[in-house]
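Below is one structure, written out as structure tokens; the observations come after it.
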Amino acid sequence: MSGSSSMSTSQMFGGAHHFSVNNLNQTAIDKLTCNIHVNNIPERPGLDRLLAHSMRDAFHDSSSRWPPPRCHYDSRQELRSQITDWATGRSAQIAEKVLWMYGPFGVGKSAIAQTCADTLAGEDALGGSLFLSRPNNRNNPDYIFPSLAFQLALNSPEFANLLEQIILRRQTLLTAARYIQFEELIVKPLREAITKDPRIQQWTIILDGLDEVDGTEAQCDIIDIVVASIRSQTTPFRWLIVSRPEPHIQRTMRAEDVIPYVSKLDIPLSPKNDHEILTFFTKELGKIRKQYNLPSSWCSEANLATLVKFANGLWVVVDTIVRFIGSSKSLGPTEQLRLVLSVTEKSSSLSANPLARMDLFYDLIMRQIPANVISTIRKILLLNSVYGTYVAQVNHICELANILGLTREGFFAACDFLQSVLSLKDHEHKGKTFHFYHTSFMEYMSHPERSTVFWIYGDCLEELQQEVIRRINDVHSRSKGNTPVTIITYPRPPPNEEDHILVYCSLVCSLFQLCDRYHCVVSPSTAALLINVQFSRIAKTLKHSPCNEVVVGLNLFKKNLPDEYRDKIIRQSKSPLHMIRSRLQGDRTRFILGRGKSELVCWADGSDLVTRLHIIPFGSRFGQPWR
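Written out as structure tokens, the structure reads:
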């Protein structure tokens, strides 16, 4: 699920009345909502829909990313100037319209891109930006171009007016193929908007973390679409694309029809940055020393030199060390510094692979967590990794906590132990508030050879799958009729009569998410519990929920099941009645979920690559499921 916002353009001025505002130019939002008259706030239904299909959390100025990674204390000044001079046309050194900035993980690419985005925004030279992130769910390839189109609309009232009409005429554009989205949402309105707003021709668009986008094919597809527009001169923009040098991205950038339009900027691991890293350590640790009233001898020059050597040019290591030493969930900076220095002593035997250095430090962070908390933290990380927000009315953290049976206090207390790698903001009714500082932490936690005993799959996955099954069974045994009675551990403020059905819906959706994702293998002991779930009861209960349907990735779900249980849990229906109904309703294959009195007939559609199993609530507009 993407990090999209549910706020509408009219809600941005919710409650406004009895005043008139004209010719606003202070902020992008003002540009979209100028000419507000007494009791007549203009609606933007087209742009509202576009916003719902955008990754607002990925914008360069999003509060969800605050504070974003930035270059501090004038670091990387030469690189930043090179990029901004190219973007604004102040330098003719780079003529190509695409600048691909690449480098290994942790060298500070996102910080450079963010700082350049801030600079360009201040000069009215930024058309749009996306800072993509897999662990933060900002990686949906189908939301890339809608997100950029929305930002262009924020920056240009002329573009916004044209785009509004295009979306209203053809609302299916928001779910169209990517190349159609690009043509209809960006290229078409540009043709007329440029004549009315010539500023557009000077804008740069920044895509940071292209390698974070879901699917390698989609990553290459985005490059091809962008370069095709430059080749055919249908867009005027310069494009800064930032990624790791993954092989498929390198191949695409080297393609015969792409390479003439791309300039490359390599950001290598280099000791040349050591003086900047030393400056950063000196100033940031100096702040910690003053905050805790530590003596001037704390963190000596020798200690600083050791930290710089250990960082080995990796800014992600530098940032994480500073957060770790300054963590409030510790015995204080002196003990934290001692722990870091003890880790550096082991680094001499590490391989040249920068991941080994980072893993050593992540291992230190995880080993500081009390034994009675570590299991809870692993489950939180696992559930957040595989589970998208299904219930729009519920804050993502509230939803995760209720699935896990954690109180608000317990959830936040557990996450406090991870202050070095993630931040958690308590925004009521505001969607996801997880923010991982760097992708590498969840990569570490998802790799068994790197995180070893802290791996979030394996035994942790099995335990969580079984807990969710037991919670669903408990609801069924506790409830009368089809009105669920759940245990709400993290209530929404204020309490609502819908809370029980919302929690139930989250439990059901999370169960399937924990079984139909890569790495989410179902053990025989879990399958033995799964086979006895009252699936028919689920469909009846969901009738009263905000879930129109529960969608399951059928192929992976079946693949993840043990061979001896697969056909007992999910199998294609051979009933003549179901076959007749399938023909009447088009190409929909009927499947039976569960067995005996608990079985439920569902339908599946899709392609050979992605087949979706649909669990439809009884009495829904899709028609009552057949037993």
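Sequential numbering of the sequence shown, starting at 1, is according to UniProt numbering.
Where a beta carbon is used, it is the ideal one built from N, C-alpha and C, also for glycine.
The structure displayed is predicted, hence computed values, not measured ones.
Worksheet item: How many angstroms separate the CA atom of lysine 574 from the CA atom of glutamine 534?
Response: 21 angstroms
Practice prompt. Report back the beta-carbon spacing between isoleucine 488 and aspartate 499 to the nearest angstrom; my notes put them in contact at under 8 angstroms.
Written response: 6 angstroms
Practice prompt. Classify leucine 418 as helix, strand or coil using the three-state DSSP reduction.
Written response: coil
Item to complete: Express the C-alpha separation of arginine 44 and isoleucine 249 in angstroms, rounding to a whole number.
Response: 37 angstroms
Item to complete: To the nearest angstrom, report how far apart serine 147 and histidine 53 are at their CA atoms.
Response: 7 angstroms
Item to complete: Please determine, among Ile241, Val601 and Ser81, the residue with the shortest C-alpha to C-alpha distance to glutamine 572.
Response: Val601
Discussion item. So the candidates are Gly326, Asn353 and Phe361; which of them puts its Cα closest to the Cα of serine 342?
Written reply: Phe361
Fill in: leucine 382 - partner residues in DSSP beta bridges
Beta-bridge pairing links leucine 382 to no other residue.
Practice prompt. Can you check the region 252-317 for any beta strand (DSSP E) of at least 3 residues that lies completely inside it and give the ranges in chain order?
Written response: 262-266
Practice prompt. Indicate whether the contact test is met: 3 or more Cβ pairs, each with one atom in the region 237-246 and one in the region 98-106, closer than 8 angstroms.
Written response: yes
Fill in: Alpha-carbon to alpha-carbon, glycine 106 and proline 245
13 angstroms
Worksheet entry | beta strand (DSSP E) runs contained entirely in the region 496-580, provided each spans 3 or more residues | 550-553 and 570-572
Worksheet item: What distance in whole Å lies between the Cβ atoms of arginine 471 and glycine 405, which are believed to be in contact at a cut-off of 8 angstroms?
Response: 7 angstroms
Discussion item. Based on DSSP bridge pairs, tell me the residues matched to tyrosine 102.
Written reply: Ser243 and Asp266
Worksheet item: Taking buried to mean at least 16 other C-beta atoms within 10 Å of its own C-beta, is glutamine 151 buried or exposed?
Response: buried
Worksheet item: Does DSSP put aspartate 124 in a helix, a strand or coil?
Response: coil
Practice prompt. Please confirm whether proline 562 and valine 522 have their CB atoms less than 8 angstroms apart.
Written response: yes
Item to complete: Determine contact between the region 123-135 and the region 294-311, defined as no fewer than three beta-carbon pairs at a distance below 8 angstroms.
Response: no
Worksheet item: Since leucine 210 and serine 243 are thought to touch, with beta carbons under 8 angstroms apart, how far apart are those beta carbons, to the nearest angstrom?
Response: 4 angstroms
Worksheet entry | Endpoints, the beta strand (DSSP E) within which isoleucine 592 is located | 589-593
Fill in: Cβ-Cβ separation, asparagine 303 to arginine 357 (assumed contact under 8 angstroms), whole Å
Rounded, the Cβ-Cβ distance is 18 angstroms, inconsistent with contact.
Practice prompt. Let me know the secondary structure DSSP gives histidine 614 once reduced to three states.
Written response: strand
Worksheet item: If you draw a straight line from the C-alpha of glutamine 513 to the C-alpha of valine 552, how long is it?
Response: 7 angstroms
Practice prompt. Answer with buried or exposed for tryptophan 66, where buried requires no fewer than 16 other C-beta atoms within 10 angstroms of its C-beta.
Written response: exposed
Fill in: Stretch pair the region 449-458 + the region 418-425: three plus CB contacts closer than 8 angstroms
no
Discussion item. For isoleucine 569 and alanine 528, I'd like the C-alpha separation in whole angstroms.
Written reply: 9 angstroms
Discussion item. If the criterion is Cβ atoms closer than 8 angstroms, does the pair isoleucine 277 and valine 318 meet it?
Written reply: yes
Practice prompt. With a 10 Å radius around its C-beta and 16 neighbouring C-beta atoms as the bar for buried, classify alanine 604 as buried or exposed.
Written response: buried
Discussion item. In the DSSP output, which residue or residues are listed as bridge partners for phenylalanine 436?
Written reply: Leu422
Item to complete: Determine the direct distance from the alpha carbon of isoleucine 230 to that of glutamate 463, and round the result to whole angstroms.
Response: 51 angstroms
Worksheet entry | Status (buried if at least 16 other CB within 10 Å, exposed otherwise) for isoleucine 615 | buried
Practice prompt. Name the one or two DSSP bridge partners that serine 479 has.
Written response: DSSP lists no partner for serine 479.
Item to complete: Over the uninterrupted beta strand (DSSP E) stretch that includes leucine 207, give me the two end residues.
Response: 204-208
Practice prompt. Determine which residues share a DSSP beta bridge with cysteine 602 and list them.
Written response: Phe591
Item to complete: Label aspartate 359 either buried or exposed according to how many other C-beta atoms from any shown protein chain fall within 10 Å of its C-beta, with 16 as the threshold for buried.
Response: buried
Worksheet entry | Same chain, Cβ closer than 7 angstroms to threonine 235, five either side skipped, listed in chain order | Ile186, Val187, Leu190 and Ser229
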